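Trainee: Going left to right, the sequence shown walks through residues 468 to 779 as the numbering used here numbers them. Heads up, the beta-carbon is just placed ideally off N, CA and C, and yes, glycines get one too. Quick caveat: nothing in here was measured; it's all calculated off a predicted structure.
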Amino acid sequence: TNPLVAFGAGKVILLGEHSVVYGYPALAGPLSFGVTARGVPARSCQLDVPATADAAQKRLMRKAFSRAARLVGEPKVKVTLEPQLPLSAGLGSSAALAVALSRVLLQAAGRAPSPKETARLAWEMEQEFHGTPSGVDHTTSAEEKLILYRRVQGPAGVVGRAREVKSPRALSVVVALAGARSPTKVTVGALRERQARWPERYRRLFAQVGRLVTEASKAVEAGDLEGLGDAMNVNQGLLGALGLSSPALEDMVYRLRGMGALGAKFTGAGGDGGAVIGLFLEPGPVVAKLTRDGVRCFASQLAGPRPHGDRS
Ligand code: MEV
468 TNPLVAFGAG
478 KVILLGEHSV
488 VYGYPALAGP
498 LSFGVTARGV
508 PARSCQLDVP
518 ATADAAQKRL
528 MRKAFSRAAR
538 LVGEPKVKVT
548 LEPQLPLSAG
558 LGSSAALAVA
568 LSRVLLQAAG
578 RAPSPKETAR
588 LAWEMEQEFH
598 GTPSGVDHTT
608 SAEEKLILYR
618 RVQGPAGVVG
628 RAREVKSPRA
638 LSVVVALAGA
648 RSPTKVTVGA
658 LRERQARWPE
668 RYRRLFAQVG
678 RLVTEASKAV
688 EAGDLEGLGD
698 AMNVNQGLLG
708 ALGLSSPALE
718 DMVYRLRGMG
728 ALGAKFTGAG
738 GDGGAVIGLF
748 LEPGPVVAKL
758 TRDGVRCFAS
768 QLAGPRPHGD
778 RS
């Protein structure tokens, strides 16, 4: 029999991280790389964890895998993982992993890995990884499209609503890593305490971000990349107001703006460091320059028409 192969894409949030946890919309798109999972027939349902993961990550992966495996009847398959993403860089590596594993498990159980089924199973794993995530990461990874996402509290727990946002123009970002990353749990937890103490003040800021996200998705659909960039810049200001930015992140944001970004902000959890995105019409020379200066970075097209044969 042929081995089973499945892919889970990494993601970047263009706008709306953190406020998405409180029910406001976020705009997020898939990276062209992520995590690949391979399955071969075996005596029992097993996971081979990647050697690059640390002990805590391995423990979590095994726990998440068993939870999902039980839900699909523990098909007899041995699964190995090949991450092409840095783990814990804020680029959705855990969601990419959850999506790749879900797809392989569903296939091994003889079920079709539709985006909905995949997202449902990946959600179970994400709860092991994150506690109370909004669901934007694994939904973006499962849909593999630029989406407007909203977390909705249903009777059976959290359900995400996603709709595709189509871009008539190529929409590309440069992703640059800055400083040492803070765990998502830490930044999400600290914000939760502040907003519980001063709920009105924080609700106003979340609502402002929510309006920006709506405006940004309209700008994307209209091909107005300058409007999108400006919304990203204002979102960065509000993330600062929410207490989520830091000198390392701000330095990189200003560096990208200095290199001509239409908009720049951090993406994901924020805190002491992590990933920063810049919207560029021509990302190639920017990546070349930053790389020469020792910055870990890459370009990715999140939406829009692609030059023929290009996958990046
Ligand atoms: C993390 O990629 C995005 C956050 O908004 C957390 C979440 O949505 O669960 C910070």
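Would you identify the three-state DSSP class for F673, choosing helix, strand or coil?
Mentor: Reading the sequence shown from its first residue, position 206 is the one you call residue 673. Helix at F673.
Trainee: To the nearest angstrom, report how far apart L471 and Q574 are at their CA atoms.
Mentor: Counting from one through the sequence shown, the residue named residue 471 turns up at place 4. Counting from one through the sequence shown, the residue named residue 574 turns up at place 107. Taking the straight line joining both Cα atoms gives about 7 Å.
Trainee: For L615 and P582, I'd like the C-alpha separation in whole angstroms.
Mentor: Position 148 of the sequence shown, counting from 1, holds the residue named residue 615. Position 115 of the sequence shown, counting from 1, holds the residue named residue 582. Going by the C-alpha atoms only, they are around 15 Å apart.
Trainee: May I ask you to list the residues that DSSP assigns as paired with A629?
Mentor: Mapped onto the sequence shown, residue 629 falls at position 162. BP columns for A629 point to Y616.
Trainee: With a threshold of 6 Å, establish whether the CB of V488 neighbours any heavy atom of ligand 2.
Mentor: The ligand content of the structure shown is limited to ligand 1, which means ligand 2 is not among them.
Trainee: What does a CB cutoff of less than 7 Å around R537 pick up in its chain, not counting 5 residues either side in sequence?
Mentor: Numbered from 1 along the sequence shown, position 70 holds the residue referred to as residue 537. Result list for R537: empty, nothing under 7 Å.
Trainee: For T654 and G737, I'd like the C-alpha separation in whole angstroms.
Mentor: Indexing the sequence shown from 1 puts residue 654 at position 187. Indexing the sequence shown from 1 puts residue 737 at position 270. Using only the alpha carbons, I get a separation of about 7 Å.
Trainee: Are the beta-carbon atoms belonging to G557 and G741 less than 7 Å from one another?
Mentor: Working through the sequence shown from its first residue, we reach residue 557 at position 90. Working through the sequence shown from its first residue, we reach residue 741 at position 274. In this structure, G741 lies closer than 7 Å to G557 by Cβ.
Trainee: Under 7 Å between the Cβ atoms of K525 and V539?
Mentor: Residue numbering aside, residue 525 sits at position 58 when the sequence shown is read from its first letter. Residue numbering aside, residue 539 sits at position 72 when the sequence shown is read from its first letter. No, these two residues do not count as a Cβ contact at 7 Å.
Trainee: Give me, in chain order, the residues of the same chain whose beta-carbon lies closer than 8 Å to that of F765; leave out the 5 immediate sequence neighbours on both sides.
Mentor: For the purposes of this step, residue 765 is identified with residue 298 of the sequence shown, where counting begins at 1. Once the five neighbours on either side are set aside, the close Cβ partners of F765 are V641, V642 and V754.
Trainee: Looking only at DSSP bridge pairs, what is G501 linked to?
Mentor: The residue you call residue 501 lines up with position 34 of the sequence shown. Bridge partners of G501: A476.
Trainee: Is H485 near ligand 1, with its Cβ less than 6 Å from a heavy atom?
Mentor: Here residue 485 corresponds to residue number 18 of the sequence shown, with the count starting at 1. Checking the Cβ of H485 against ligand 1 gives yes.
Trainee: Looking at S560 and ligand 1, is the gap between the Cβ and the nearest heavy atom below 6 Å?
Mentor: Along the sequence shown, one-based indexing puts residue 560 at 93. S560 Cβ: outside cutoff for every heavy atom of ligand 1.
Trainee: By how many angstroms is the C-alpha of L568 removed from the C-alpha of A623?
Mentor: Start at 1 with the first residue of the sequence shown, and residue 623 comes out as number 156. Start at 1 with the first residue of the sequence shown, and residue 568 comes out as number 101. Looking at the two C-alpha atoms, the distance is approximately 23 Å.
Trainee: Please report how far the alpha carbon of D697 lies from the alpha carbon of P550, in whole angstroms.
Mentor: Walking along the sequence shown from the start, residue 697 turns up at place 230. Walking along the sequence shown from the start, residue 550 turns up at place 83. Going from the Cα of D697 to the Cα of P550 covers about 33 Å.
Trainee: Indicate, with yes or no, if ligand 1 has a heavy atom lying under 6 Å from the CB of V626.
Mentor: Along the sequence shown, one-based indexing puts residue 626 at 159. No.
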